[in-house]
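Colleague: So the protein lines, in turn, are chains U and A. Per UniProt numbering, the very first residue in the first sequence carries number 1; after that it's consecutive. Per UniProt numbering, the very first residue in the second sequence carries number 1; after that it's consecutive. Glycine included, every Cβ here is placed at the ideal spot set by N, Cα and C. My structure is below; once you've seen it, I'll send some questions.
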Amino acid sequence: MSSPTTSAPEPPRYADRPEWSDVIPVEQYENVNPLAPIFYKDIYKDAADYFRGIVKTGEKSQRVLDLTERIIRLNPAHYTAWQYRYETLLAIEADLEDELRLMDELAITYLKTYQVWHHRRLLMLKIRKPATELVFIAKTFREDAKNYHTWSYRQWLLAYFNDDSLWSGELDFVDELLNADIRNNSAWHHRFFTVFQSGVRDGEQDTERILRRELIYVKQSISLAPNNASAWNYLRGILDHNGIPYSKMIAFVQPYTLPNDDQKADLVDLDNPPPSKDAHLPCAAAVEFLADIYEAEGGDSMLKATELWKSLGNEHDVARKKYWEYRIREGLRAIQT
Amino acid sequence: MDDGYPTPTSISQKATVALLVQPPISPSSASKIPQGILDNNLHLGYLGRHLLQGLPARYTSQDASQSWLLFWSLQSLSLLKVELDEGNKKRASDTILAMQNPAGAFGGGPGQAPHLLPTYAAICTMGIVGSPSTWSQINRPSLYQFFMSLKEPDGSFRVSQRGEVDVRGVYCLLAVAKLLGMMTRELVLGTREWVRSCQTYEGGFASATIGVGEQSAPLGEAHGGYTFCALAAWVLLESEFPSDKGSKSINLKSLRRWLVNMQGDEDELYGFRGRTNKLVDGCYSWWVGGCFKLLAELEERRGMSGKDAEEPIWNPEGLKQYILYAAQHPAGGLRDKPPKSPDMYHTLYCLAGLSVAQYAATASTTTSTSTTSSTSTSPTFRTIAQSAPSQTSNAPPSLNATDPLFNLTQTHAEAMMAYFKSGEVEAFQ
Ligand SMILES: [Zn+2]
């Protein structure tokens with residue numbers, strides 16, 4: 001069944017261990033012939049039967065930690081085992097830092113499981129050492145830089161403990177991840193969370209300066225790889241959040257709506273970096289953005305907007321033709337009323 | 001389109017697109033899949049095998065989701081216009097009832113702790129196979145108390161005692177409360193505002209939200225699964241307790257934009273992704289594709305939709321391509337994407353997405369009525385309506401429609417709601 005490189009000797013079953021003979025294992029289904037039964041391996045069925053036995057008596061002891069660990073390693077989504085394990089840790093006053101070290105290993109192995117991250121959160125509420133956690137999380141991003149649970153856990157740590165020293169490294173941290181992959185939307189979201197949704201901290205009181213910094217950052221990112229939805233969404237996000245009209249970006253956006261041949265290679269304008277020379281132009285996101293500017297102007301500009309929507313539906317973004325037709329209908333309706 | 005600037009995201013995107021254009025390898029004989037036809041019998045075989053013969057050991061990872069396994073497979077059958085025979089319906093209810101906890105809620109399996117997610121799956125499964133005689137065994141008073149015990153001061157709910165707070169749990173709780181007639185003002189106090197604050201700057205919704213100082217911030221980026229849960233939760237709340245004119249709403253404009261942007265391009269066979277710059281995956285056919293009906297309902301409530309509201313704003317014909325060519329597995333069942341294996345979860349959410357696409361594509365031209373003809377195909381399965389092969393062309397729907405709020409057929413959802421509204425049921429409060 002398993003290859004020689006991965007097979008470790010199976011640990012003895014609880015049914016064969018004399019020190020567990022006082023526990024009465026409980027079968028999963030009694031008097032029911034279940035539909036869609038799972039054919040568990042022996043070792044899992046054995047552990048699960050003994051776990052049900054333990055839950056029945058309510059025992060909380062060191063050996064329960066052993067049992068729940070076995071179940072978790074075989075099925076990390078077994079939330080009842082996690083829950084019972086946590087209660088046991090508290091009941092026997094176990095060393096929670098030891099538990100956290102065990103979790104370091106399990107978190108990497110079972111990165112995509114809700115429970116490993118939630119258990120960590122419960123531990124952290126007791127241990128209260130968020131700074132080292134941030135370091136650990138950064139390590140897990142080498143395995144998967146877009147893991148949803150890890151990102152939301154990081155955001156929870158920052159917001160829950162909400163300590164200036166915790167937040168201070170976040171922008172550099174995001175920079176590093178965006179340098180590795182400018183299309184990592186999780187990192188863009190984290191940037192938004194850090195810069196705009198975490199309140200105002202020391203050294204960040206000058207909101208004008210922050211906004212200017214973020215606009216330059218996102219424009220430069222767009223200039224490197226213009227067809228990057230994450231960066232355009234970030235640009236829209238910061239404009240919406242700060243109540244800035246899209247029309248302020250018209251000088252930046254316009255070159256991106258033109259084909260490669262029409263690019264003017266003149267002065268370097270740091271506020272409005274041009275598309276890279278390998279960019280695929282015109283960029284649909286830029287055409288959409290420009291149409292939004294015209295739509296907001298209303299009146300005669302609405303016709304310019306509908307022309308752009310037409311070009312998106314017929315040429316630059318055909319997959320969303322129905323959406324662009326909807327935008328045209330709505331736009332025309334707005335100027336008729 | 002990497003603009004000559006490759007990064008890990010664009011590299012894995014390219015690799016995926018390459019796999020999507022390859023025709024699926026067909027080990028069996030004349031397969032319908034290369035022709036873009038839904039192979040009903042192949043998938044019925046897959047579902048029947050798993051339901052009746054059981055699931056291989058790799059499904060141990062779903063041991064805490066046993067009510068889900070039943071819901072995924074039985075709702076798949078409903079979409080395929082098939083139902084179990086009486087004996088197996090009884091078996092299904094017995095299996096589900098074995099997971100009911102004294103607390104009134106359901107666990108992921110017998111003896112497992114009560115939890116909102118398996119409770120939703122259990123109640124929906126009871127809706128599919130149950131009848132008043134089994135529904136009367138649902139312990140509403142305890143369940144309602146359990147719901148209240150999970151409530152947080154900010155209007156959200158934990159998924160279980162000491163469990164995590166997220167919008168999946170909130171959706172599951174509201175859907176169950178609606179089906180069982182337990183939606184009270186007390187229960188949902190503050191929930192609206194909490195759901196609203198999960199919307200991110202991108203327009204979709206995140207898993208949860210957290211207060212930072214005076215503000216609240218979404219935990220995690222906009223995501224298809226959470227967006228479905230948040231939007232359905234919002235519609236459930238609005239339909240029960242319509243909000244006053246002045247109160248803050250979700251941003252429909254940015255949501256609409258985000259939803260349509262989740263649909264892939266031609267080289268991705270128009271499948272849906274779940275987050276910006278991530279890969280397409282069959283299950284988002286439902287999580288994202290299922291949102292458009294909910295969105296239309298909200299627009300209608302606000303009198304925003306014109307007379308051509310029937311016209312979809314997304315590309316249902318395109319989505320059919322992804323599901324029929326890429327998500328159908330040649331050996332039966334549906335999947336995330338080639339070359340992955342099928343599983344029960346993807347089988348349901350691909351079929352539900354296909355159903356949405358079929359009805360959206362025909363909405364503006366025909367209204368479909370399904371003819372009920374109870375022909376018996378096998379002692380286990382009964383066909384509940386005639387099914388025609390589905391093509392990617394504008395054919396009439398071959399699947400049953402599914403209710404966008406619950407992912408149940410309307411008949412099942414309505415019968416259950418009617419039962420719990422009737423006078424014969426014991427009060428829960
Ligand atoms: Zn999936």
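At which residues does the alpha helix (DSSP H) containing Gly53 (chain U) begin and terminate?
Modeller: 42 to 57
Colleague: Within 7 Å: the Cβ of Cys283 (chain A) and any heavy atom of ligand 1?
Modeller: Because some heavy atom of ligand 1 lies under 7 Å away, the Cβ of Cys283 (chain A) counts as near it: yes.
Colleague: Mapping the DSSP letters down to three states, classify Gly289 (chain A) as helix, strand or coil.
Modeller: coil
Colleague: Sort U:Val195, U:Asp175, U:Ala291 by Cα distance to Leu211 (chain U) and report the nearest one.
Modeller: U:Val195
Colleague: Excluding the 5 residues flanking Ala107 (chain U) on each side, which residues of the same chain have their C-beta closer than 6 Å to its C-beta?
Modeller: Val116
Colleague: Would Glu69 (chain U) and Leu111 (chain U) be called neighbours here (beta carbons separated by less than 8 Å)?
Modeller: no
Colleague: Which chain U residues are close to Gln358 (chain A), counting only those with a beta carbon under 7 Å from its beta carbon?
Modeller: Those within 7 Å of Gln358 (chain A) in chain U number zero; the least Cβ separation is about 16 Å.
Colleague: For His223 (chain A), verify whether its CB is less than 7 Å away from any heavy atom of ligand 3.
Modeller: With respect to ligand 3, the structure offers nothing, as its ligand set consists of ligand 1.
Colleague: Three or more beta-carbon pairs under 8 Å between the segment 179 to 199 of chain U and the segment 224 to 237 of chain A, yes or no?
Modeller: no
Colleague: Considering Pro218 (chain A), what are the terminal residues of the alpha helix (DSSP H) in which it resides?
Modeller: Going by DSSP, Pro218 (chain A) is part of no alpha helix (DSSP H) but of the beta strand (DSSP E) stretching over 215 to 219.
Colleague: Chain A partners of Ala159 (chain U), CB-CB under 7 Å?
Modeller: Below the 7 Å Cβ cutoff, chain A contributes Ile210, Val212, Ala217 as neighbours of Ala159 (chain U), in chain order.
Colleague: Does ligand 1 have a heavy atom nearer than 7 Å to the CB of Asp336 (chain A)?
Modeller: yes
Colleague: Can you find a C-beta in chain U that's less than 8 Å from the C-beta of Ala121 (chain A)?
Modeller: The C-beta of Ala121 (chain A) comes no closer than 8 Å to any C-beta of chain U.
Colleague: Does the Cβ-Cβ distance between Thr257 (chain U) and Leu290 (chain U) come in under 8 Å?
Modeller: yes
Colleague: Using a Cβ-Cβ distance under 8 Å, would Glu97 (chain U) count as near chain A?
Modeller: Contact of Glu97 (chain U) with chain A is not assigned, every C-beta pair being separated by 8 Å or more.
Colleague: Just reading off the beta strand (DSSP E) that Tyr252 (chain A) is part of, what are its end residues?
Modeller: The sequence shown places Leu at residue 252 (chain A), rather than the Tyr named in the question. Looking at the DSSP string, Leu252 (chain A) is not in any beta strand (DSSP E); the run it does join, the alpha helix (DSSP H), is 252 to 261.
Colleague: Give the range of the beta strand (DSSP E) segment to which Thr209 (chain A) is assigned.
Modeller: For Thr209 (chain A), the enclosing beta strand (DSSP E) starts and ends at 208 to 212.
Colleague: So, at 7 Å on beta carbons, what are the nonlocal neighbours of Asp49 (chain U) in its own chain, with the 5 sequence-adjacent residues on each side left out?
Modeller: Pro25, Val26, Glu27
Colleague: Just grab the DSSP bridge partners of Arg273 (chain A) for me.
Modeller: A:Val280
Colleague: Name, please, each residue of chain U whose Cβ falls closer than 8 Å to the Cβ of Thr347 (chain A).
Modeller: Per Cβ cutoff of 8 Å: no residues; Thr347 (chain A) is ~13 Å from chain U at best.
Colleague: Could you pull the DSSP bridge partners for Leu84 (chain A) from this structure?
Modeller: Partner(s): A:Phe381.
Colleague: Please state if the CB of Leu351 (chain A) and the CB of Ser76 (chain A) are separated by a distance shorter than 8 Å.
Modeller: yes
Colleague: Let me check you understand the geometry: is the CB of His346 (chain A) closer than 7 Å to at least one non-hydrogen atom of ligand 1?
Modeller: yes
Colleague: If you measure beta-carbon to beta-carbon, which residues of the segment 223 to 246 of chain U are closer than 9 Å to chain A?
Modeller: Residues Leu224, Ala225, Pro226, Asn227, Asn228, Ala229, Ser230, Asn233, Tyr234, Arg236, Gly237, Ile238, Asp240, His241.
Colleague: With distances taken Cα to Cα, identify the nearest neighbour of Ala47 (chain U) among U:Arg13, U:Pro18, U:Glu19.
Modeller: U:Arg13
Colleague: Compare the C-alpha of Glu299 (chain A) against each of A:Arg162, A:Pro339, A:Phe147, A:Ser239 and name the closest.
Modeller: A:Ser239
Colleague: In the structure shown, what three-state DSSP assignment does residue 399 (chain U) receive?
Modeller: No answer is possible for residue 399 (chain U): it lies beyond the span of chain U, which begins at 1 and ends at 337.
Colleague: Helix, strand or coil: how does DSSP classify Gln161 (chain A) here?
Modeller: coil
Colleague: Would you mind working out which of A:Met416, A:Gly423, A:Gly213, A:Ala401 sits nearest Ser78 (chain A), comparing C-alpha positions?
Modeller: A:Ala401
Colleague: Between A:Pro114, A:Lys89, A:Ala395, A:Pro312, which lies nearest to Asn33 (chain U) when the distance is taken from Cα to Cα?
Modeller: Selected option, being the one with the closest Cα: A:Lys89.
Colleague: Starting from the beta carbon of Met1 (chain A), find every residue of chain U whose beta carbon is closer than 8 Å, and list them in chain order.
Modeller: Asn227, His280
Colleague: Do the segment 175 to 184 of chain A and the segment 408 to 418 of chain A make contact, defined as three or more Cβ pairs closer than 8 Å?
Modeller: Three or more beta-carbon pairs drawn from the segment 175 to 184 of chain A and the segment 408 to 418 of chain A are found closer than 8 Å, and the two stretches are therefore classed as touching.
Colleague: For His149 (chain U) and His189 (chain U), what's the separation of their Cα atoms in angstroms?
Modeller: The C-alpha of His189 (chain U) is placed about 14 Å away from the C-alpha of His149 (chain U).
Colleague: So with Cβ pairs under 8 Å, would you call Glu164 (chain A) a contact of chain U?
Modeller: yes
Colleague: Whose CA, out of A:Ala395, A:Val167, A:Leu319, A:Ser67, lies closest to the CA of Gln199 (chain A)?
Modeller: A:Val167
Colleague: For Thr60 (chain A), return the contacting residues in chain U, with the cut-off set at a CB-CB distance below 8 Å.
Modeller: Ile38, Tyr40, Lys41, Tyr44, Leu74, Asn75
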